[in-house]
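Peer 1:
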Amino acid sequence: MTMARGAWNRDSSRAGEETRSQLIHAALALFGAKGFDATSTREIASAANANIASIAYHFGGKEGLRAACADHVAEQLGRIIGDVVLKSDPGGDPDKALKIIENAISSALGFLLSQPQARDIASFVMSEINRPGAVFEALYTEVFEPVHTKICEFLGLATGRDPKDEVIRLGVFTFIGQLLYFRIGHFIVARRMEWETIGPAEIEAIRSVVLSNIRAFVAANKTGAGS
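Position 172 of the sequence shown, counted from 1, bears residue number 485 in the working numbering, the numbering being contiguous throughout.
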């Protein structure tokens with residue numbers, strides 16, 4: 314009897330985690346597509362094939378689910394780009410610093426253009442950064458600020474400039490902006506380029522141009538460049 318009860322508890326726990334995950338993924342897609350206010354808990358539960366009461370059970374309500382979505386996004390972005398940036402040390406070498414930037418941007422680009430969940434993550438982030446609040450603050454302090462600051466340090470080293478220089482900080486935003494456009498403008502890019510889809514070959518073509526832009530920025534902004 315004890316063994317049977319233990320097996321049941323494990324199965325129940327596993328089912329609960331699956332339901333929680335399904336609710337997060339469903340909410341992420343709906344919040345990104347429709348916005349938080351326009352999305353009902355009934356819609357989320359239906360998309361997740363879950364009981365509407367499970368939202369209150371797992372998250373305490375819609376706001377709690379929204380916070381859980383932000384945590385999931387922060388975890389995913391941290392794994393994709395944060396780990397590359399925050400755990401790397403160029404050891405004072407400008408070339409290594411540039412390579413770290415390239416690796417981070419390349420990793421993020423690959424994820425954004427090849428993974429199905431990337432569309433929902435990008436849409437959710439774009440929705441939240443346009444409405445400052447608790448979720449915005451969490452994403453900013455846990456992901457955007459530390460990653461941006463670190464890339465600025467690497468870019469400062471690669472160019473010989475102060476990482477806090479305006480041109481350095483804006484430069485990093487242009488690097489990230491390219492990534493977001495290729496994700497958000499996915500269908501525009503494919504149509505204008507006359508691509509049936511954006512697959513591995515197309516991603517490599519985009520990656521080549523994006524990395525060339527980064528190298529050009531570094532070359533143009535190196536201390537003494539053009540003097």
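For each residue, glycine too, the CB sits at the ideal point set by N, CA and C.
Thr354 and Ile365 look like a contact to me (Cβ under 8 Å); what is the Cβ gap, rounded to whole Å?
Peer 2: At roughly 6 Å, the Cβ-Cβ gap stays under 8 Å, so Thr354 and Ile365 are in contact.
Peer 1: Can you say whether Lys400 is buried or exposed, counting buried as having 16 or more other CB atoms within 10 angstroms of its CB?
Peer 2: Under this definition Lys400 is an exposed residue.
Peer 1: Would you mind reading off the limits of the alpha helix (DSSP H) that contains Val515?
Peer 2: It is Glu, not Val, that sits at residue 515 in the sequence shown. Segment 513-534, the alpha helix (DSSP H) holding Glu515.
Peer 1: Are the beta-carbon atoms of Thr472 and Val531 separated by less than 7 Å?
Peer 2: Yes, Cβ-Cβ distance for Thr472 and Val531 is below 7 Å.
Peer 1: Distance check for Ala342 and Thr487, CA to CA, integer angstroms please.
Peer 2: When rounded, the distance between both Cα atoms is 26 Å.
Peer 1: Expressed to the nearest angstrom, what Euclidean distance is found between the alpha-carbon atoms of Arg528 and Glu517?
Peer 2: Roughly 16 Å separates the two Cα atoms.
Peer 1: Buried or exposed: Phe500, going by 16 or more other Cβ atoms within 10 Å of its Cβ?
Peer 2: Exposed is the call here.
Peer 1: Could you work out which residue in Phe344, Glu331, Gly423 is closest to Arg444 when comparing CA atoms only?
Peer 2: Residue Phe344 is the option with its Cα nearest to Arg444.
Peer 1: Span of the alpha helix (DSSP H) holding Ile365?
Peer 2: It is not in any alpha helix (DSSP H) - Ile365 carries neither H nor E in the DSSP assignment.
Peer 1: Would you kindly work out how many angstroms separate the C-alpha atoms of Ile511 and Ala503, rounded to a whole number?
Peer 2: Their Cα atoms are separated by approximately 7 Å.
Peer 1: What runs of the alpha helix (DSSP H), each 4 residues or longer, lie entirely inside the segment 390-415?
Peer 2: Fully enclosed alpha helix (DSSP H) runs of 4 or longer: 396-399.
Peer 1: What is the DSSP secondary structure of Glu356, reduced to helix, strand or coil?
Peer 2: Note: Glu356 maps to helix in three-state DSSP.
Peer 1: Out of Gly498, Asp433, Arg333, Ala533, which one is the CA nearest neighbour of Val553?
Peer 2: What the structure shows of the chain is the stretch from 314 to 540, and residue 553 is not part of that stretch, so it cannot be assessed.
Peer 1: According to DSSP, simplified to helix, strand and coil, what is Glu330?
Peer 2: Three-state DSSP puts Glu330 in a helix.
Peer 1: If we ignore side chains and look at the alpha-carbon of each, how far apart do Glu515 and Ile497 end up?
Peer 2: Spanning the two alpha carbons is a distance of roughly 16 Å.
Peer 1: By Cβ distance below 7 Å, which residues in the same chain neighbour Leu483 in space, the five residues on each side in sequence not counted?
Peer 2: Closer than 7 Å at Cβ, skipping near neighbours: no residue.
Peer 1: To the nearest angstrom, how far is the alpha carbon of Ala421 from that of Cys465?
Peer 2: Cα to Cα, Ala421 sits roughly 17 Å from Cys465.
Peer 1: Rounded C-beta distance between Gly395 and Val460? I'm assuming under 8 Å.
Peer 2: Confirmed, about 6 Å.
Peer 1: Suppose you measure from the CA of Leu492 to the CA of Gly391; what does that come to, to the nearest Å?
Peer 2: Rounded to whole angstroms, Leu492 to Gly391 spans 16 Å at the Cα level.
Peer 1: Alpha carbons only, please: which of Ile489, Asn362, Leu411 is nearest the one belonging to Leu470?
Peer 2: Here the closest residue by C-alpha is Leu411.
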